[in-house]
Amino acid sequence: MNKVVAGPDAAIHDITDGATLLLGGFGLCGIPENCISSLVKKGVKDLICISNNAGVDDFGIGLLLQRKQVRKMISSYVGENAEFERQMLSGELLVDLIPQGTLATRCLAAGYGMPAIFTPAGVGTEVAVGKEVRNFNGKDYLLEYAFDADFAIVKAWKGDTMGNLIFHATARNFNPLMAMAGKITIAEVEELVPAGSLDPDAIHTPGIYVHRIFEGKNYEKRIEQRTIQNA
Amino acid sequence: MSLSKEQIAQRIARELKHGYYVNLGIGIPTLVANYIPSGVDVVLQSENGLLGMGPFPTAEQVDPDLINAGKQTITTIKGSVFFDSAVSFGMIRAGKVDLTVLGAMEVSDQGDIANWKIPGKMVKGMGGAMDLVASARNIIVAMMHTNPKGESKLLSRCDLPLTGVRCVKKVVTDLAVLDITPEGFLLRERAPGVTVEEIQSKTAGKLVIPSDVPVISF
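In order, the protein sequence lines correspond to chains S and W.
Each position in the first sequence, counted from 1, maps to that position plus 154 in the working numbering.
Each position in the second sequence, counted from 1, maps to that position plus 1 in the working numbering.
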């Protein structure tokens with residue numbers, strides 16, 4: 155079984171206007187740089203993007219925002235982006251802010267084949283408005299639904315031709331969860347190896363969740379807050 | 002003399018106990034890591050997916066794939082482990098993290114906290130704060146006692162949109178250390194040179210004042 159596609163353009167070829175995308179990464183760490191560039195080039199519009207953050211003005215999802223390709227963002231934290239703020243305040247861009255753990259677990263539920271979860275995050279706050287509350291053992295929980303996304307686009311450190319993935323350090327973050335949650339999952343990896351080259355015990359995402367894989371090029375891996383110890 | 006941000010962090014660090022897993026929020030809470038008492042072995046959790054966060058890297062050690070929840074470059078300590086965001090919030094939700102320290106815009110005398118949204122201003126989002134405050138067993142808030150306008154941030158009821166309800170256990174400000182009790186803010190300690198009267202005048206919520214309020218020593 156071979157999941158390898160030629161590159162990012164081929165990987166995203168059937169993403170069309172209005173698609174719902176899960177995009178891996180935390181801040182700019184572990185984002186699918188190659189696929190984002192191809193989405194910008196393809197010019198698809200009205201995207202619904204589910205991603206913990208929305209990039210910065212000139213990198214990550216910020217590149218899609220610049221071209222006004224995003225209709226709605228579902229994120230937990232969106233601070234670092236002036237164009238995002240402008241579009242949000244002008245009403246061009248819809249924004250749904252949800253707790254980070256809720257975001258992660260709604261991906262997990264989708265990948266585990268479960269329709270919903272109960273979480274205490276947001277109980278008693280405006281996040282709870284309109285949501286079912288259930289009490290278990292004396293504590294209130296909110297009903298939150300599994301994501302239903304057309305595509306998941308993730309970035310891994312290593313992957314093999316069967317789509318098995320290994321992540322590196324904190325670039326793992328949402329990537330394995332979103333990989334499990336997409337109807338079609340696209341993985342871009344820094345190093346693509348033949349099936350059998352990865353230790354089966356070390357694989358984070360089983361290839362069954364991954365439909366397309368390719369080796370990405372020219373990773374910039376921009377750092378948002380370069381913080382150095384005083385010498 | 003009110004406490005500096007470093008002194009607030011230093012005072013909170015005394016709450017750390019041997020063997021604790023601790024999550025430190027952005028701002029003053031981050032500084033707590035600089036004052037962990039010697040002999041107290043704690044492991045720092047970063048909710049983007051790391052247990053065993055170490056100090057900032059040297060220029061040579063910088064790895065763009067290794068950041069903390071504030072998106073700063075960091076290092077790991079011996080015995081560290083990486084995991085995905087569901088595992089990270091799983092351990093938080095399951096109460097495995099012993100102590101959470103975070104900043105706040107407002108705290109109520111019932112332990113409600115508001116720290117994510119000011120209506121009419123740009124809303125950046127709650128990040129992991131709502132998950133943390135909904136589940137952490139012990140939450141300490143580090144903040145200034147008053148806002149830049151001089152208004153109390155310790156209220157009978159939060160005016161700003163809530164992050165969580167009845168969850169904060171202790172507040173350490175530039176003026177005082179206060180426990181949240183069923184009776185309200187219990188004044189435990191005061192900053193050097195700060196009078197009980199000043200604390201009272203700057204606390205809008207219900208304040209319980211014991212007969213003896215010791216001065217925080219450094």
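Where a beta carbon is used, it is the ideal one built from N, C-alpha and C, also for glycine.
Residue i in three-state terms, based on DSSP
| i | result |
| --- | --- |
| residue 378(S) | coil |
| residue 94(W) | helix |
| residue 299(S) | strand |
| residue 218(S) | helix |
| residue 203(S) | strand |
| residue 57(W) | coil |
| residue 254(S) | helix |
| residue 88(W) | helix |
| residue 315(S) | coil |
| residue 265(S) | helix |
| residue 79(W) | strand |
| residue 211(S) | coil |
| residue 193(S) | helix |
| residue 115(W) | strand |
| residue 323(S) | helix |
| residue 178(W) | strand |
| residue 227(S) | strand |
| residue 29(W) | helix |
Proximity winner among the options, relative to residue i (alpha-carbon distances)
| i | options | result |
| --- | --- | --- |
| residue 9(W) | 151(W), 168(W) and 144(W) | 144(W) |
| residue 165(W) | 332(S), 339(S), 226(S) and 294(S) | 294(S) |
| residue 300(S) | 310(S), 331(S), 319(S) and 278(S) | 331(S) |
| residue 163(S) | 155(S), 188(S) and 205(S) | 188(S) |
| residue 155(S) | 362(S), 193(S) and 339(S) | 362(S) |
| residue 133(W) | 168(W), 155(W) and 179(W) | 168(W) |
| residue 55(W) | 61(W), 42(W) and 76(W) | 76(W) |
| residue 269(S) | 298(S), 230(S) and 276(S) | 298(S) |
| residue 41(W) | 50(W), 63(W) and 18(W) | 18(W) |
| residue 207(S) | 329(S), 371(S) and 383(S) | 329(S) |
| residue 305(S) | 169(S), 158(S), 159(S) and 160(S) | 169(S) |
| residue 81(W) | 323(S), 167(S) and 353(S) | 323(S) |
| residue 112(W) | 214(W), 171(W) and 211(W) | 171(W) |
| residue 205(W) | 152(W), 215(W), 175(W) and 187(W) | 152(W) |
| residue 384(S) | 48(W), 59(W), 47(W) and 52(W) | 59(W) |
| residue 238(S) | 85(W), 68(W), 126(W) and 87(W) | 126(W) |
| residue 357(S) | 342(S), 318(S) and 371(S) | 318(S) |
| residue 234(S) | 211(W), 128(W) and 100(W) | 128(W) |
| residue 325(S) | 187(W), 189(W), 161(W) and 65(W) | 65(W) |
CB contact check: residue i to chain W, cutoff 7 Å
| i | result |
| --- | --- |
| residue 357(S) | no |
| residue 383(S) | yes |
| residue 205(S) | no |
| residue 375(S) | yes |
| residue 238(S) | no |
| residue 289(S) | no |
| residue 235(S) | no |
| residue 156(S) | no |
| residue 322(S) | yes |
| residue 326(S) | yes |
| residue 213(S) | no |
Partners in chain W for residue i, counting only beta-carbon separations shorter than 9 Å
| i | result |
| --- | --- |
| residue 183(S) | 49, 65, 66, 67, 68 and 72 |
| residue 366(S) | Going along chain W, no residue has its Cβ under 9 Å from residue 366(S), so there is no contact; the nearest lies around 21 Å. |
Within chain W, partners of residue i - CB distance below 7 Å
| i | result |
| --- | --- |
| residue 299(S) | None at all; the shortest Cβ gap to chain W is about 16 Å. |
| residue 232(S) | 125 and 126 |
| residue 241(S) | Correct list: empty, because the minimum Cβ distance to chain W is about 12 Å. |
| residue 378(S) | 72 |
Where residue i meets chain S, residues with beta-carbon distance less than 8 Å
| i | result |
| --- | --- |
| residue 221(W) | No statement about residue 221(W) is possible, as the shown extent of chain W runs from 2 to 219 and does not include it. |
| residue 56(W) | 383 |
| residue 166(W) | 277, 278 and 279 |
| residue 136(W) | 274 and 275 |
Cβ-based neighbour list, residue i, same chain, cut-off 6 Å, excluding 5 preceding and 5 following
| i | result |
| --- | --- |
| residue 194(W) | 2 |
| residue 14(W) | 33, 36 and 37 |
| residue 337(S) | 304 |
| residue 241(S) | 247 |
| residue 70(W) | 47, 48 and 49 |
Own chain, CB closer than 7 Å to residue i, minus 5 neighbours either side, in chain order
| i | result |
| --- | --- |
| residue 97(W) | 22 |
| residue 192(W) | 2, 3, 4, 175, 176, 177 and 217 |
CB contact below 7 Å: residue i versus chain S
| i | result |
| --- | --- |
| residue 129(W) | yes |
| residue 147(W) | no |
| residue 132(W) | yes |
| residue 163(W) | yes |
| residue 90(W) | yes |
Beta carbon proximity, residue i to chain C, threshold 7 Å
| i | result |
| --- | --- |
| residue 251(S) | Reference to chain C is not applicable here, since the protein chains of this structure are S and W. |
Own chain residues within Cβ distance below 8 Å of residue i, not counting five before or after
| i | result |
| --- | --- |
| residue 351(S) | 314 |
| residue 345(S) | 311, 312, 313 and 369 |
| residue 57(W) | 73, 74, 75 and 76 |
Amino acids of chain S, ordered along the chain, whose beta-carbon sits closer than 7 Å to that of residue i
| i | result |
| --- | --- |
| residue 33(W) | Residues of chain S passing the Cβ test: none, with the nearest at roughly 16 Å. |
Under 9 Å by beta carbon: chain S residues contacting residue i
| i | result |
| --- | --- |
| residue 94(W) | 255, 259, 273, 274 and 275 |
Chain W residues whose Cβ lies nearer than 8 Å to that of residue i
| i | result |
| --- | --- |
| residue 330(S) | 85 |
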